[in-house]
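Structure first, commentary second.
Residue numbers (UniProt numbering): 1 to 456.
Listed below in structure tokens is the structure:
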């Protein structure tokens, strides 16, 4: 069975065999790789794995010579879908046809094998890389080790790490970083430190990531003194701590109740040539909010502006959240208004926190305004936010306003809880029937019908 009729079969094959002169090419010797790989690659992307393999052989049958890109694209597709028997088949074709391979191909397949818990097959493929006309480097070893560690297979990773990989094969800093990470995941600080010392003995220079892994672990464990010692070791080794290093140390100090020291670290980083970013100010802001020192947290925002560090939505949300928790929803509303002036677009969390906070202090008009702005920006409020607003209006005897809010909610195909409906109905029926506003009753009837249609 052919993929195309005789008249349609491989319309691009003539171009493939007799390419026209490309007058745009500056260099006559420039490879035509892009033109040669286009036909099959465009076709195979639309197919499922089984059809892709069939098509691969069908194209060959009709005289198409596959480039390395064709093999690689097909292998990636098959590996992603865990079609490993077909992967093995295509790899054998690569080997028997002696097509030079890129190491990245094996890195990708190894990662997918490990995700499928085929650890032995992943290890075997790594060992077979030289047989594919490809010289392995630490890159493929690192991918193998990292895949094993991410899948909680540290003993196998350690065995592979310790076995020889050829006279010219030498692990690099990334290799040690991966292994140190694995030891720390299992809580073995002394083993990680021993491996770090081995790294130094083998003249493999640690990088910023090495130190960040160690500092992150120590800060999470509350070992601030050791974390600071590692930090000083970075400087002594001539390695400049990066923004992540400072952020982790600051966070650890804040968790340990040392806000002043964390602030000192931030100023010290600027002295060392690493400019503080939004994340560093946000750490201080969050810590002050937790300590209910809201005024100082607001001062951080002003300090950011003075230092030309533009606050992001996370910073604003942090302040809005703590304002609402302290019952200062008006201040939260003002912060939100200030975001617009700073051209910082609120996200769904911003609107939700502000609306809930305003409902808590019974500022229902402002809460309703926030909810409408939320819809205008394309965000959807949580059900409990709508419930809070409707119930609050009902409690104040504003049944008509509550009904109008419900109408808006229903028009947007949203639903509220049964208890909120009950509050609204009680609010309208709690007085003598003669005093109930007829418009309110009519509106509720209409809303009930609308709610029923939404559910159906």
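Here a beta-carbon is modelled for each residue, glycine too, at the ideal position from N, C-alpha and C.
*Pairing CB atoms from the region 327-334 with CB atoms from the region 304-312, are three or more of them under 8 Å?*
no
*Taking only runs that begin and end inside the UniProt repeat "PPR" (207-241), name each unbroken alpha helix (DSSP H) of 4 or more residues, in chain order.*
208-220, 224-236
_I'd like the list of long-range same chain contacts for residue 322, defined as Cβ closer than 7 Å, with 5 residues on each side in sequence excluded._
Stepping through the chain shown from its first residue, residue 322 is reached at position 322. Counting only Cβ-Cβ distances below 7 Å, and skipping sequence neighbours, we find 289, 294, 297.
*Classify residue 112 as buried or exposed, calling it buried when 16 or more other Cβ atoms lie within 10 Å of its own Cβ.*
Residue mapping note: residue 112 aligns to position 112 of the chain shown, counting from 1. When all chains shown are included, residue 112 counts as buried.
*Enumerate, from N- to C-terminal direction, the unbroken beta strand (DSSP E) stretches of 3 or more residues contained entirely within the UniProt repeat "PPR" (312-346).*
none
*Measure the alpha-carbon distance for residue 208 versus residue 234 and round it to whole angstroms.*
Counted from its first residue, the chain shown places residue 208 at position 208. Counted from its first residue, the chain shown places residue 234 at position 234. Answer to the nearest angstrom: the Cα atoms are 8 Å apart.
*Could you check if residue 366 is buried or exposed, using at least 16 other CB atoms within 10 Å of its CB as the buried criterion?*
As a working note, residue 366 is residue 366 in the chain shown. When all chains shown are included, residue 366 counts as buried.
*Burial state of residue 240, where buried means 16 or more other Cβ atoms lie within 10 Å*: Reading the chain shown from its first residue, position 240 is the one you call residue 240. By the 10 Å Cβ count, residue 240 comes out exposed.
_Looking at residue 299: is its Cβ nearer than 7 Å to the Cβ of residue 259?_
Looking up residue 299 in the chain shown gives position 299. Looking up residue 259 in the chain shown gives position 259. Taking a C-beta distance under 7 Å as the contact criterion, residue 299 and residue 259 do not qualify as a contact pair.
*Would you mind stating whether residue 384 and residue 348 have Cβ atoms separated by less than 7 Å?*
Indexing the chain shown from 1 puts residue 384 at position 384. Indexing the chain shown from 1 puts residue 348 at position 348. Not closer than 7 Å, so no.
*Can you give the Cα-Cα distance for residue 246 and residue 45, rounded to whole angstroms?*
Taking the first residue of the chain shown as 1, we reach residue 246 at position 246. Taking the first residue of the chain shown as 1, we reach residue 45 at position 45. Residue 246 and residue 45: Cα-Cα distance of roughly 44 Å.
*Which same chain residues, not among the five before or five after residue 74, have their C-beta less than 8 Å away from its C-beta?*
Taking the first residue of the chain shown as 1, we reach residue 74 at position 74. Cβ within range, chain order: 44, 52, 53, 56, 90.
*Just confirm the distance between the C-beta atoms of residue 144 and residue 110, as a whole number of angstroms; I'd bet it's less than 8 Å.*
Within the chain shown, residue 144 is the residue found at index 144, counting from 1. Within the chain shown, residue 110 is the residue found at index 110, counting from 1. Right, the Cβ-Cβ distance comes to about 5 Å (below 8 Å), so this counts as a contact.
*asked:* Using a Cβ-Cβ cutoff of less than 7 Å, which residues in the same chain neighbour residue 252 once the five nearest sequence positions on both sides are dropped?
replied: On the chain shown, residue 252 is found 252 positions in, with the first residue counted as 1. Here the set comprises 219, 224, 227.
*At which residue ranges does the region 31-115 contain complete alpha helix (DSSP H) runs of 4 or more residues, listed in the order of the chain?*
33-44, 49-61, 68-80, 84-96, 103-115
*Taking only the alpha-carbon atoms, compute the straight-line gap between residue 401 and residue 409 and give it to the nearest angstrom.*
Position 401 of the chain shown holds residue 401. Position 409 of the chain shown holds residue 409. Roughly 13 Å separates the two Cα atoms.
*Hey, would you say residue 133 sits closer than 7 Å to residue 178, going by beta carbons?*
The sequence position of residue 133 within the chain shown is 133, counting from 1. The sequence position of residue 178 within the chain shown is 178, counting from 1. Taking 7 Å as the Cβ cut-off, residue 133 and residue 178 do not qualify as a contacting pair.
*asked:* I'd like the list of long-range same chain contacts for residue 432, defined as Cβ closer than 7 Å, with 5 residues on each side in sequence excluded.
replied: Translated into the one-based positions of the chain shown, residue 432 becomes position 432. Note that residue 432 scores a pLDDT of 40, beneath 50, so its modelled location is shaky; the value from the coordinates is reported in the next line. Excluding positions up to five away in sequence, the list is empty.
*Would you mind reading off the limits of the alpha helix (DSSP H) that contains residue 156?*
If you number the chain shown from 1, residue 156 lands on position 156. Here the alpha helix (DSSP H) through residue 156 covers 154-162.
*Of all Cβ atoms in chain C, is any one closer than 7 Å to the Cβ of residue 180?*
As a matter of chain content, chain C is missing from the structure shown, which is built from one protein chain.
*So what does DSSP say about residue 138, is it helix, strand or coil?*
Numbered from 1 along the chain shown, position 138 holds the residue referred to as residue 138. Correct three-state label for residue 138: helix.
*By how many angstroms is the C-alpha of residue 364 removed from the C-alpha of residue 393?*
In the chain shown, the residue the question calls residue 393 occupies position 393. In the chain shown, the residue the question calls residue 364 occupies position 364. Their Cα atoms are separated by approximately 7 Å.
_Counted within 10 angstroms of its Cβ, other Cβ atoms place residue 341 as buried (16 or more) or exposed_ = If you number the chain shown from 1, residue 341 lands on position 341. Exposed is the call here.
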